[in-house]
Every structure is written in C-alpha cells, then in structure tokens.
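Input: a single structure, listed below in structure tokens.
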Amino acid sequence: MTIIKPRIAILGIFVADLAFRAKRLPVMGETLLGQGFAMGPGGKGSNQSVAAARAGGHVSFIAKLGRDSFGDIALKTWGADGIDTSHVAISDTSPTGAAFIFVSSETGDNAIIVEAGAAGTLTADDVSVAEKAISGARVFVTQLETAVAASRRGLELARKHRVTTIFNPAPAAKIDPAIYKLCDYVTPNETEAAEITGVPVNTVDEARHAGDALLKLGAKYALITLGANGALLHNREQSVHVPTYKVKVVETTGAGDAFNGAFAVAIGEGRPPVEAVRFACACAALSVTKAGTAPSMPMRSEIDALVAKGS
Ligand code: RIB
C-alpha cells in the first residue's frame with residue numbers, strides 16, 4: 345500500500361544547541377571540567393520538523409532566523425531533509441538563538457537553557473502570513489518556545505481550517521487557559537503536565553489525574569509523555585498507557601520532539617491515535633540511542649522496523 349505523505353505545518357524555533365557532557369551541573373562560582381562538547385541544530389519546532397520529515401511527512405516549518413552562521417546551519421539542516429522553508433523569515437536585527445544543554449555523562453539526561461533569539465520576535469501577525477501553509481496541512485504542531493500570541497494564532501488558524509492541532513506546551517508556562525480549547529492533542533512531559541495542572545506526575549495514575557485536568561481546560565486528548573515509561577493517551581472515552589521500547593540510552597535531549605514529530609505524521613496518515621502513539625514512542629526510543637537532537641532523529645524505515653519487532 346502506498347501511503348501519501350501527509351502535509352504537516354510546524355511553528356516553532358531553531359537554535360544552535362551547545363551541548364556539554366559532564367558528571368553534574370556546576371554550582372554557582374564553580375568551574376567544572378567537561379567530558380565532551382557538540383554543537384548542532386536544535387530548537388523544539390525545528391527538531392520536530394526534522395523528526396516529522398524523516399518519519400514520512402511533507403513538512404512546512406514556520407520560523408524566524410538571524411542573518412548569521414547559526415542561521416546557515418538551520419537552512420542546511422532543513423535542506424537536507426526536504427523541509428519547506430517558504431515561511432521562514434530572516435531578521436536583520438536579531439541573531440539566531442542558542443541553547444545551553446547539560447547532558448549527564450552518567451544517565452544521558454539533560455537540562456536546558458534556551459534563548460530563542462530572532463525566533464522569539466515572531467508575532468501573531470507573522471504567523472497569519474503563513475495561513476496558507478497551515479490551511480493546506482493535515483496536522484499543525486506548535487510549542488511554547490515562540491511568543492504565546494504566535495503559538496495561539498497558529499492554533500486558531502488551524503482550527504479555522506479544521507486542521508488537527510497538536511500543542512506541545514514546552515517549556516511549560518502559566519498561560520491563558522483558553523488556548524487549550526484550540527487543541528486536539530496536548531503533549532506535555534511529566535514535569536510540564538505537573539506545572540500546568542498542579543498535579544504531581546510520578547506514576548501513570550497521577551498522569552491520569554493531570555490528564556483529567558487538561559481535559560477540563562478544553563483539550564480533546566491529553567497525551568502525556570513519561571520518558572522510559574512510554575506515554576499516556578487520555579480522553580473521556582479511553583485512557584491507554586502505551587509502554588515504550590527498551591533501548592540503550594546515549595542522550596535523551598530531543599526525545600519529546602521525536603515523539604511529537606512522528607505522532608503528527610501518524611495522525612496525518614489517518615492512523616488511530618493509539619497506533620500513532622506506538623509509532624511516536626518508537627521514534628523517540630530510537631532518538632535517544634544517539635547523541636544530539638535533530639541529528640538523532642531516525643528514518644521511517646528504522647521506526648517501522650522497531651514497531652514491527654515490538655518491545
Ligand atoms: O527539546 C530539545 C530542545 O529544546 C533542544 O534542541 C533545545 O534547543 C531546546 O529548544
């Protein structure tokens with residue numbers, strides 16, 4: 345069976361990821377010797393675009409860059425994965441952003457500070473200019489690294505054109521809860537779900553309580569990612585815990601982006617949500633077996649092979 349590549353519109357940021365491996369974070373005033381460094385393409389929206397393109401989507405990315413060498417890395421990255429950049433604006437006044445990423449050399453877990461740079465200046469009106477990319481898509485995805493007004497306008501336009509919406513509220517922030525009514529799927533991780541709802545999320549049952557709170561805010565589905573514990577797909581009719589695949593973890597940075605990008609593609613292909621979550625878990629699991637964010641996103645054939653193999 346030939347699957348037609350679904351059109352996916354993603355709004356978000358690109359930044360250069362500056363990833364430092366070390367045993368632990370330094371304390372204030374301390375200098376710590378590192379155990380490795382890498383610079384590469386990052387930013388949640390950009391990572392999700394790369395993940396979606398490699399998973400089989402026809403991706404349009406809506407973003408803003410500075411006119412600088414980090415911006416050149418972005419264009420090269422998107423070009424290599426066939427991502428449509430007609431809605432990427434270039435700023436003459438703000439630089440492309442960057443992220444400081446601490447990667448634990450013990451566990452592969454990460455902690456991030458991100459400065460969105462030019463992408464942080466994207467306005468709601470800039471997003472309206474990209475209405476055609478959104479209206480022509482099957483699925484629209486956004487996060488909270490752009491200004492909230494920009495993310496919200498994207499979700500409003502998607503709703504207006506009956507495009508399925510995925511809102512990845514990362515990094516978590518206290519925002520006007522009206523935004524959740526525009527969401528088919530809200531996809532926080534445990535920490536973000538806890539911060540948004542005030543419900544601690546350490547177990548699947550607690551994730552269900554947080555999921556209920558997200559549904560009350562107006563989302564159609566709460567889809568909470570649980571790291572090595574998979575994901576919970578939760579709405580009023582069903583609450584399904586999907587375990588993930590066992591892999592050797594090198595670095596977890598970008599796993600949520602892999603999940604969101606692949607989930608968008610599977611939903612765009614018309615797959616049932618639980619099957620789409622399984623596909624997304626496989627993409628995320630494969631992404632943590634490699635270092636980096638965008639560079640660690642797997643190809644469609646690898647995802648299909650892991651899903652077919654199971655566990
Ligand atoms: O989700 C991982 C991403 O978050 C990194 O690439 C970093 O740039 C931050 O945006």
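Numbered per my numbering, the sequence shown finishes at 655, counting up by one with no gaps. Quick reminder that beta carbons are idealized off the backbone N, C-alpha and C, glycines included.
Whether or not the region 355-375 and the region 565-581 are in contact is what I'm after, with contact meaning three or more pairs of Cβ atoms, one per stretch, closer than 8 Å; do they touch?
no
M383 burial status per 10 Å Cβ neighbour count (16 or more: buried):
Residue numbering aside, residue 383 sits at position 39 when the sequence shown is read from its first letter. Under this definition M383 is an exposed residue.
Just the Cα atoms here: how many angstroms apart are G574 and T588?
Counted from its first residue, the sequence shown places residue 574 at position 230. Counted from its first residue, the sequence shown places residue 588 at position 244. When rounded, the distance between both Cα atoms is 4 Å.
Closer than 8 Å by C-beta to R615: which residues in its own chain qualify, once you throw out the five before and the five after it? Chain order, please.
As a working note, residue 615 is residue 271 in the sequence shown. The residues are F623.
F623 - partner residues in DSSP beta bridges
Within the sequence shown, the letter at position 279 stands for residue 623. Paired residues: none, contrary to the question.
Find out if the Cβ-Cβ distance for the pair A333, G555 is shorter than 9 Å.
Look at the range of the chain in this structure, 345 to 655, and you will see that residue 333 is not part of it.
Taking S495 as the reference, which of A468, R503, I478 has the closest Cα?
Locating residue 495 in the sequence shown gives position 151, where the first residue counts as 1. Considering only alpha carbons, the answer is A468.
Let me check you understand the geometry: is the CB of A494 closer than 8 Å to at least one non-hydrogen atom of ligand 1?
Within the sequence shown, numbered from 1, the residue matching residue 494 stands at position 150. Incorrect: A494 has no Cβ contact closer than 8 Å to ligand 1.
Rounded to the nearest angstrom, how far is the Cβ of T569 from that of G598, given a contact under 8 Å?
The count along the sequence shown starts at 1 and reaches residue 569 at position 225. The count along the sequence shown starts at 1 and reaches residue 598 at position 254. The pair is not a contact, with the Cβ atoms about 12 Å apart (cut-off 8 Å).
Can you have a look at I348 and say buried or exposed, based on whether 16 or more other CB atoms are within 10 angstroms of its CB?
Residue numbering aside, residue 348 sits at position 4 when the sequence shown is read from its first letter. Per the 10 Å Cβ criterion, exposed.
Which residue's Cα is closest to the Cα of A665: I510, S413, H585, S472?
Because the chain in this structure spans residues 345 to 655, residue 665 falls outside the shown range and cannot be described.
Which residues have their C-beta within less than 6 Å of a heavy atom of ligand 1, listed in chain order?
V359, D361, G386, G387, K388, N391, A443, I456, V458, E489, T597, G598, G600, D601, T637
By Cβ distance below 8 Å, which residues in the same chain neighbour V548 in space, the five residues on each side in sequence not counted?
Locating residue 548 in the sequence shown gives position 204, counting from the first residue. Excluding residues within five positions, the ones whose Cβ falls inside 8 Å are L570, N573, L576, H585.
Taking 7 Å as the limit between beta carbons, can you name the residues of its chain near P642, skipping five residues before and five after?
Within the sequence shown, residue 642 is the residue found at index 298, counting from 1. Around P642: R398, C627, L630, S631.
Rounded Cβ spacing between G401 and I352 (contact assumed at less than 8 Å)
In the sequence shown, counting from the first residue as 1, residue 401 sits at position 57. In the sequence shown, counting from the first residue as 1, residue 352 sits at position 8. Correct: roughly 4 Å between the Cβ atoms.
Endpoints, alpha helix (DSSP H) assigned at S495:
Translated into the one-based positions of the sequence shown, residue 495 becomes position 151. 492-504 is the span of the alpha helix (DSSP H), which, as asked, contains S495.
Can you give me the C-alpha to C-alpha distance between I445 and A514, rounded to a whole angstrom?
Taking the first residue of the sequence shown as 1, we reach residue 445 at position 101. Taking the first residue of the sequence shown as 1, we reach residue 514 at position 170. A514 has its alpha-carbon roughly 15 Å from the corresponding atom of I445.
Whole angstroms are fine: how far does the CA of T451 sit from the CA of V458?
Locating residue 458 in the sequence shown gives position 114, counting from the first residue. Locating residue 451 in the sequence shown gives position 107, counting from the first residue. Rounded to the nearest angstrom, the two C-alpha atoms are 21 Å apart.
Burial state of T486 (16 or more Cβ within 10 Å)
In the sequence shown, the residue the question calls residue 486 occupies position 142. Burial call: buried.
According to DSSP, is R644 part of a helix, a strand, or is it coil?
To locate residue 644, count along the sequence shown from 1; it is residue 300. If DSSP states are grouped into helix, strand and coil, R644 belongs with the helices.
N-terminal and C-terminal residue of the beta strand (DSSP E) that G410 is part of
Your numbering for residue 410 matches position 66 in the sequence shown. G410 -> beta strand (DSSP E) spans 402-410.
In this structure, what does DSSP give as the bridge partners for S583?
Stepping through the sequence shown from its first residue, residue 583 is reached at position 239. Answer by DSSP bridge pairing, in chain order: H578.
Is the shortest distance between the beta-carbon of D520 and the beta-carbons of chain E less than 9 Å?
Structure shown: chain E not included; a single protein chain is present.
Cα-Cα separation between S640 and A522, rounded to whole angstroms:
The count along the sequence shown starts at 1 and reaches residue 640 at position 296. The count along the sequence shown starts at 1 and reaches residue 522 at position 178. The straight-line gap from Cα to Cα measures roughly 34 Å.
So N604 and N512 are in contact, right, with Cβ under 8 Å, and what is the actual spacing, rounded?
Along the sequence shown, read from residue 1 onward, the residue named residue 604 stands at position 260. Along the sequence shown, read from residue 1 onward, the residue named residue 512 stands at position 168. About 5 Å separates the two Cβ atoms, so the contact holds.
Option nearest A517 by Cα separation, candidates A620, T535, T437, A396:
The residue you call residue 517 lines up with position 173 of the sequence shown. When only C-alpha atoms are compared, the closest one is T535.
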